[in-house]
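The numbering of the sequence shown is our numbering, which starts it at 124 and goes up by one.
Every residue, glycine too, gets a C-beta built ideally from N, C-alpha and C.
This one's a predicted model, so the numbers in the text were calculated from it and none came from an experiment.
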Amino acid sequence: EGAKGEGGDDLPALQLRGGALLLGQTAPMHTHTATVLLDDAPVPAFAVDAAVLAAAAVHDLSGRSRVRNVRQGAVSLVVPGMSTAAEVAHAAEVLGCIEEELGLPNATLRLGVWDGARGGSLLPLEEWQRAAGGR
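Pasting the structure below:
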């Protein structure tokens, strides 16, 4: 028997397409990790996380797998802790470098901006979008 609504009415069957949005959250913008060193200095943890998440998505992005999660040819990465347009632009630049290293087309890695510590952004949305450069 199918699902029932609050009034006892039959609800329509729910059909899922069998995939999911490829979304990953990186470490906050201002944390660093000694897991990877550049010139003997820790690197931003969000860059390491973004590179690993993107590398894990390459198989799905290639279209060679039987079941695909990526339908639009993009992976969304949320980078928390950004509060200025310069930080958004820097994150976009890092994602561009990762795409280049992995041989992915430009803007395959989409940038999700989240400033949860402040409960929202102090920047106008248009300014963030401009800084993200189409991501």
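- With a beta-carbon spacing of about 7 Å, residue 234 and residue 202 fall inside the 8 Å limit used to define contacts.
- Leaving aside the five residues that flank residue 155 on each side, the residues in its chain whose CB is nearer than 7 Å to its CB run, in chain order, 165, 166, 167, 168.
- In the three-state reduction of the DSSP assignment, residue 199 falls in the strand class, which pools E and B.
- If you draw a straight line from the Cα of residue 204 to the Cα of residue 214, it comes to about 11 Å.
- Taking 8 Å as the cut-off, the beta carbon of residue 158 is found no closer than this to the beta carbon of residue 175.
- For residue 182, the uninterrupted alpha helix (DSSP H) segment begins and ends at 168 to 185.
- Counting along the chain, residue 225 sits inside the alpha helix (DSSP H) bounded by residues 208 to 225.
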